[in-house]
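Peer 1: Have a look at this one before I ask anything.
Numbering (the working numbering), first residue to last: 40 to 163.
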């Protein structure tokens, strides 16, 4: 069991990622950041690693200000304290996220967009 946020809600690793998706889809950077450890690392593909809860919150604030984002889970794999999320969005983007949970929070997250469906169709 893990502690999801300051409200003392206990959740399994998979439930934590499901909560992350809900908060992400609300574009609530503060609420998303609450799910990370103070010393967490978030690695967006092809970008610099973001270190620390405060910096992760700022990253999400910047990202949410630029574009509304929607993460629709396709599959969620839970392996102990690790979770892999295969996702899509309404515009056709697809990708995956990997989350490592430690000490009641997300310790590490990797986020990767694999393709845009319209690009994939035009290249075949």
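Virtual Cβ for every residue (Gly too), placed ideally from N, Cα, C.
Spatial neighbours of residue 62 within its chain, please: C-beta separation below 6 Å, excluding the five flanking residues on both sides.
Peer 2: On the chain shown, position 23 is the one that residue 62 refers to. These residues qualify, in order along the chain: 70, 71.
Peer 1: DSSP beta-bridge partners for residue 123?
Peer 2: Counting from 1 along the chain shown, the entry for residue 123 is found at position 84. The partner list for residue 123 (beta bridge, DSSP) reads 116, 137.
Peer 1: Decide yes or no for the touch test of the stretch 74-90 against the stretch 141-155: beta carbon pairs closer than 8 Å, at least 3 of them.
Peer 2: Touching, yes.
Peer 1: Does residue 73 pass the burial test, meaning 16 or more other C-beta atoms within 10 Å, or should it be called exposed?
Peer 2: Along the chain shown, read from residue 1 onward, the residue named residue 73 stands at position 34. Buried, by the Cβ-count rule.
Peer 1: Using the rule of at least 16 other Cβ atoms within 10 Å of the residue's Cβ for burial, across every protein chain shown, is residue 136 buried or exposed?
Peer 2: Translated into positions along the chain shown, residue 136 becomes position 97. When all chains shown are included, residue 136 counts as buried.
Peer 1: Identify which residue in 118, 88, 65, 94 has its Cα closest to the Cα of residue 54.
Peer 2: As a first step, residue 54 must be located in the chain shown, where it is residue number 15. The shortest C-alpha separation from residue 54 is found at 118.
Peer 1: Give the DSSP-derived three-state secondary structure of residue 177 in the structure shown.
Peer 2: Outside the displayed range of the chain (40 to 163) lies residue 177, so it cannot be described from this structure.
Peer 1: Based on DSSP bridge pairs, tell me the residues matched to residue 83.
Peer 2: Stepping through the chain shown from its first residue, residue 83 is reached at position 44. BP columns for residue 83 point to 150.
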